[in-house]
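The opening residue of the sequence shown carries number 209 in the numbering used here; numbering runs sequentially from there.
Every residue gets a Cβ at the ideal spot worked out from N, C-alpha and C, and that includes glycine.
What follows is a single structure, written as structure tokens, with notes after it.
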Amino acid sequence: MLTLILVVLSLTACSALQGGKEPSSTPTVSTAAPSGKSEEKVVRGIINRMDNFLVLLTEDDEYQTMDYGEGVTTDGFAEGDRVEITYTGELGENSTPVIVRMTKVD
209 MLTLILVVLS LTACSALQGG KEPSSTPTVS TAAPSGKSEE KVVRGIINRM
259 DNFLVLLTED DEYQTMDYGE GVTTDGFAEG DRVEITYTGE LGENSTPVIV
309 RMTKVD
């Protein structure tokens with residue numbers, strides 16, 4: 209019984225010491241929730257292939273597969289055309305950006 213009382217008193221003393229601490233003044237980083245609209249970016253290149261998706265050979269000599277966004281059409285475009293593509297998402301091997309707008313360039 210005496211042991212139990214000593215354990216309870218020590219736990220009470222520890223929590224009392226911690227309870228008097230001031231909150232940490234270290235700044236914290238918070239991230240904003242996505243607003244639903246991704247940032248639009250632009251890439252130029254040559255249309256290498258058009259199908260249910262587009263393969264673009266970028267000015268950096270990289271092949272990039274891209275999906276068509278809502279309302280984007282390939283009417284008037286052909287493989288080999290030089291284009292400027294506005295897209296959302298990230299370019300890269302493990303990513304498939306979405307085309308928002310596509311225009312021919314000279």
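E248: member of the beta strand (DSSP E) spanning 248 to 258, first to last residue. Note on geometry: alpha-carbon atoms of V313 and I255 lie some 12 Å from one another.
I307 places its beta carbon 9 Å or farther from that of R252. The three-state reading of DSSP puts E287 in coil, since its state is none of H, G, I, E or B.
Residue pairing by DSSP places L299 opposite no residue, since no beta bridge is assigned to it.
Rounded to the nearest angstrom, the gap between the Cα atoms of T282 and E301 is 23 Å.
Around D289, the same chain offers I255, K312 as residues with beta carbons nearer than 6 Å, after the five sequence neighbours per side are excluded. The three-state secondary structure of T311, taken from DSSP, is strand.
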